Amino acid sequence: MTKSRFAFGLTLLAAFAFTSLSGCDKASTTSVSESSGEEGHDHDDHDGHDHSEHDHSAHDHGDEHSHDFASIVEIADELTALNTDIGKHFGEGDPEGAHDPLHHVGEVLLAAEQWVAKMDDADKKAKAQAAVDSLLDDFTAVDDTMHEVDDVSERTEKYDSVKDSIQKSIDELKGLE
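Printed below as a string of structure tokens:
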């Protein structure tokens with residue numbers, strides 16, 4: 760397991776622990792708080808990496824998300840919205856703007872894994888797990904560039920190299936219900 764996959768996985772584990780302890784057991788739709796999120800948590804060593812090298816004013820670190828999805832299709836819809844936002848930022852030459860939606864993807868994929876674990880149909884379960892694994896791999900690769908590569912064009916090239924695979928996996932999830 761690479762260091763970055765471990766860090767992304769650790770983020771997912773932290774999100775799981777947070778949602779488990781914060782009472783995310785009611786069936787409702789997902790919502791995102793519009794707070795700035797800057798207050799209330801330290802940025803010195805966030806998610807296993809140092810954020811001191813980039814400006815936080817351009818993106819939101821709000822952690823007040825509800826991940827009580829009613830279906831795997833709802834998860835796919837959330838992933839579509841996040842991926843659209845991520846793609847927009849990369850397309851505008853602003854990969855830093857994609858950083859927070861990228862980390863939110865990790866939280867949504869954790870919820871997806873929980874849904875997959877509850878699926879009864881073995882064929883659907885296998886397809887869903889393959890799609891989630893592919894999304895984890897693709898988004899981890901993009902996240903790696905956010906922390907390891909300074910060149911904006913290299914970051915954008917990485918996203919461009921996986922965006923079709925991301926869309927294919929999201930479409931696979933949408934087709935499961």
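Going by the working numbering, the sequence shown opens with residue 760, and the numbers climb by one from there.
Here a beta-carbon is modelled for each residue, glycine too, at the ideal position from N, C-alpha and C.
This structure is a prediction, so every number in the text was calculated from the model and none was measured.
Next on the checklist: Quick test of your reading: Ala-890 and Ser-830, contact by CB under 8 Å. State the CB separation rounded to the nearest angstrom.
Outcome noted: That belief does not hold up - the Cβ atoms of Ala-890 and Ser-830 are roughly 14 Å apart, past 8 Å.
Checklist entry - From Lys-922 to Asp-910, what does the alpha carbon distance come to, in whole angstroms? => result 19 Å
Checklist entry - Measuring CB to CB, does Glu-866 end up less than 8 Å from His-906? => result no
Checklist entry - According to DSSP, is Met-905 helix, strand or coil? => result helix
Checklist entry - When the Cα atoms are used, what is the spatial distance from Asp-814 to Asp-882? => result Reliability of the predicted coordinates at Asp-814 is poor, the pLDDT of 41 falling under 50, and no value is obtained from them.
Next on the checklist: Let's test the definition: count the other Cβ atoms within 10 Å of the Cβ of Thr-843 and tell me whether it reaches 16, buried, or not, exposed.
Outcome noted: exposed
Next on the checklist: I need the straight-line Cα distance from Ala-887 to Leu-868, nearest angstrom please.
Outcome noted: 11 Å
Checklist entry - If you scan the region 822 to 883 from start to end, which runs of the alpha helix (DSSP H) of 4 or more residues do you find wholly inside it? => result 831 to 850, 858 to 877
Next on the checklist: Three or more C-beta pairs under 8 Å: does that hold for the region 890 to 905 against the region 857 to 865?
Outcome noted: yes
Checklist entry - Which of the three DSSP states, helix, strand or coil, is assigned to Asp-919? => result helix
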